[in-house]
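K.L.:
Below are the structure tokens for one structure; questions will follow.
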Amino acid sequence: MSAIRPFHLAIPVHNLEECRSFYRDVLGCIEGRSSDHWVDFDFYGHQLVIHYKEKSAADLHTNAVDGKAVPVPHFGVVLTMEDFESLSKALQERGIEFIIEPYIRFKGEAGEQATMFFLDPAGNALEFKAFKNIEQLFAVD
């Protein structure tokens, strides 16, 4: 592919107003169109839509990555290291409970990156990361 283009992601939430506040006020996403059942957000240049869905009893599944239990499924964005540090500090100051606290993964290896995982109020897992060298985003050993 020759160009990076924004993606569209729709996720289920059982608490539309609480999640609307989380994405807008905690993560700083700009709100777009909405209805009684969904809300669009500018999620770091990508379109994120939260859709109301009744709560289910699905368990959080994890896979081991770098010795950590990474939640599956999850979504997020790749930030600059400066933006990652700023966001992680702001989230810590707001008392966000992390699934995986901000740390450096694959230290000294191809793809070295800062990463953190946390849940939105509906239990959707988010990962934010930043690469030491963005050229290694898709690097293989």
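For the sequence shown, the tail end lands on 122 under the numbering used here, and the numbers increase by one without skipping. Glycine residues also receive a C-beta, built at the ideal position from the N, C-alpha and C atoms.
Are there 16 or more other CB atoms within 10 angstroms of the CB of Lys88, so buried, or fewer, so exposed?
P.N.:
On the sequence shown, position 107 is the one that residue 88 refers to. Lys88 is exposed by the Cβ-count criterion.
K.L.:
At which residues does the beta strand (DSSP E) containing Lys70 begin and terminate?
P.N.:
As a first step, residue 70 is located in the sequence shown; it is residue number 89 there, counting from the start. Taken as a continuous stretch (DSSP letters only), Lys70 belongs to no beta strand (DSSP E), being part of the alpha helix (DSSP H) at Met62 to Glu74.
K.L.:
Please report the distance separating the alpha-carbon of Phe98 from that of Ala111.
P.N.:
Taking the first residue of the sequence shown as 1, we reach residue 98 at position 117. Taking the first residue of the sequence shown as 1, we reach residue 111 at position 130. For Phe98 and Ala111, the distance between alpha carbons rounds to 13 Å.
K.L.:
Provide the residue(s) that pair with His42 in DSSP beta bridges, ordered along the chain.
P.N.:
Counted from its first residue, the sequence shown places residue 42 at position 61. Its beta-bridge partners are Val53.
K.L.:
Which residue's Cα is closest to the Cα of His(-5): Ile11, Asn105 and Ile77?
P.N.:
Taking the sequence shown and counting its residues from 1, the one referred to as residue -5 is at position 14. When each option's Cα is compared against that of His(-5), the closest is Asn105.
K.L.:
Could you compute how far the alpha carbon of Phe(-12) sits from the alpha carbon of His27?
P.N.:
As a working mapping, residue -12 is identified with position 7 in the sequence shown. As a working mapping, residue 27 is identified with position 46 in the sequence shown. The straight-line gap from Cα to Cα measures roughly 5 Å.
K.L.:
Could you give the distance in angstroms between the alpha-carbon of Asp133 and the alpha-carbon of Asp101?
P.N.:
With the chain covering only -18 through 122, there is no way to say anything about residue 133.
K.L.:
Taking 8 Å as the threshold (C-beta atoms), are Val58 and Tyr25 in contact?
P.N.:
As a first step, residue 25 is located in the sequence shown; it is residue number 44 there, counting from the start. As a first step, residue 58 is located in the sequence shown; it is residue number 77 there, counting from the start. Their beta carbons are under 8 Å apart, which means Tyr25 touches Val58 by this criterion.
K.L.:
Leaving out five residues on either side along the sequence, give the residues of the same chain with a beta carbon under 8 Å from the beta carbon of Glu116.
P.N.:
As a working mapping, residue 116 is identified with position 135 in the sequence shown. Nothing meets the Cβ criterion.
K.L.:
Using a 10 Å radius around the Cβ and a threshold of 16 neighbouring Cβ atoms, would you call Met(-18) buried or exposed?
P.N.:
Start at 1 with the first residue of the sequence shown, and residue -18 comes out as number 1. Note that Met(-18) has pLDDT 49, beneath the 50 cutoff, so the model's placement of it is unreliable and no number is given.
K.L.:
Alpha helix (DSSP H) containing Glu(-2): first to last residue?
P.N.:
Locating residue -2 in the sequence shown gives position 17, counting from the first residue. Element bounds for Glu(-2): Leu(-3) to Ser2.
K.L.:
Between the C-alpha atoms of His42 and Thr96, what's the straight-line distance to the nearest angstrom?
P.N.:
Counted from its first residue, the sequence shown places residue 42 at position 61. Counted from its first residue, the sequence shown places residue 96 at position 115. C-alpha separation (whole angstroms): 18 Å.
K.L.:
Per DSSP, which one or two residues make a beta bridge with Ala111?
P.N.:
As a working mapping, residue 111 is identified with position 130 in the sequence shown. Looking at the DSSP assignment, Ala111 forms a beta bridge with Leu60 and Ala95.
K.L.:
Among Asp6, Lys34 and Lys113, which residue has its Cα nearest to the Cα of Ile77?
P.N.:
If you number the sequence shown from 1, residue 77 lands on position 96. It is Asp6 whose Cα lies nearest to the Cα of Ile77.
K.L.:
For Asn114, collect the residues of the same chain with a Cβ closer than 8 Å to its Cβ; drop the 5 residues on either side in sequence, then sort them by chain order.
P.N.:
Residue 114 sits at position 133 when you count from the first residue of the sequence shown. Cβ neighbours of Asn114 beyond the five flanking positions: Glu93.
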